[in-house]
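Per the numbering used here, the sequence shown starts with residue 1, numbered consecutively. So the structure is just underneath, and the comments pick up after that.
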Amino acid sequence: MTVSGASQHTDSRDFCTGVQALITRFDSASTSVDPDFRENVFRQVAAETRDIEPPAEIAPDWSVLTEELDELSQTWASINSRDPSQAAAAEQLTDGITAAFIRMKSHLLEHCGVDSSAPGRRLVFTGDFETGNFGQWSQCQHRVFSGLCKDMPADFYGMQIVDSGARQGQYAARFELREGDNPSWGGGERTEVARYKDGTVREGEERWYEFSLMFDPSFPVENDNYFMVMQWHGANDLPPPMGIEVIGDGQLVLSSHFPPGPSMVIGDIARGQWVDYVVRAKFSPDEAVGWVEVYRNGVLTVPRHPRATMNSKYDYLKMGLYRDGKGPKPTAVMLADRFRITAP
């Protein structure tokens, strides 16, 4: 993460980087449905908060926050999450600390020169697969099926729910693409889910997209035209105005195909490891209005920059594997988890 403005000393940079990562991890836990995941992350965040030396002007508030985080981690470790009254008390305590972290955003903006990847306050959509199926998503598309996800047969290798190795909770989605996995209508090899309605954005709207991806250790080198893992697709058949794709030996990049825009490296795909991402965007077909920034594991890797993020009256979201279907292709596997969309 780059730091600009008046805070150029090492201790200030360390604080900015540390608190940014803590906010992202705290938010991922505070919205999780898995009490064990929550307790584990809250305990880690509480311990790491004690190790961070805050600037003098916020030292008193930081001390209070540290004590509250200790209380929170102990509370989640001791409650019975199935008891509604105990769970409600823990949630109330969590909300109070969420508000404290949000107040930290003003310090990040003023002294660190960066915005926080903390998500918006309004939950728009959750697609974390904790239902044990793809029913949270609108449409599923792969070689043998294209239709409502709730009607999709569960026996196709290309799109499955797995109950082990999830990033959080019990379930994750597994996407597998083999050579020749072209649907009957053509357009490239694909195995993707789409979300309409609350996954749709219109001009002037702002969204945070939080998700985790793990690329299989054998995920192939990609030297072809495109290998998309996420698309913000327009209301027409034009190429996507914004997407995330894999290039070369394993770089994940933010791209724009139509209108064309710069490809900006998010980071290595880190084969065999879960990586957490946050994409924050304002949507507009006008480059002077639209913008995007991307965080990888809590660190800003694609700074906010102007970008035309639409090419029609709305965008909808697609996630999975989608690549050029020409020529021989090795098998590619990716897991996805922890997906949600929030708004201001």
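Using N, Cα and C, we set each Cβ at its ideal position, and we do this for glycine too.
- Of the residues Gly199, Ala77, Gly298, Phe283, the one whose Cα lies closest to the Cα of Arg43 is Ala77.
- Residue range 35-51 is occupied by the alpha helix (DSSP H) that includes Asp36.
- Boundaries of the beta strand (DSSP E) around Asp268: 260-268.
- Between Val302 and Leu254, the CB-CB gap stays under 8 angstroms.
- Between the stretch 287-299 and the stretch 313-327, the count of Cβ pairs shorter than 8 angstroms is below three; the stretches do not touch.
- If the five residues before and after Ala235 are omitted, its C-beta is found closer than 7 angstroms to the C-beta atoms of Ser312, Lys313, Tyr314, all from its own chain and listed in chain order.
- For Trp62, the enclosing alpha helix (DSSP H) has its first and last residue at 59-78.
- Asp198 and Gly243 have their alpha carbons spaced roughly 18 angstroms apart.
- Cα atoms of Leu69 and Ala46: separation of roughly 5 angstroms, rounded to the nearest angstrom.
- Burial is judged here by how many other beta carbons sit within 10 angstroms of a residue's own beta carbon; Gly186 has fewer than 16 and is exposed.
- The Cβ atoms of Asp337 and Ala90 lie no closer than 8 angstroms to each other.
- In this structure, the straight-line span from the alpha carbon of Thr191 to that of Pro240 is close to 17 angstroms.
- The shortest C-alpha to C-alpha distance from Met230 to any of Ala194, Pro262, Gly327 is the one to Ala194.
- According to DSSP, Gln160 shares a beta bridge with Arg174.
- For Gly204, no beta strand (DSSP E) encloses it, and the DSSP letter there is neither H nor E.
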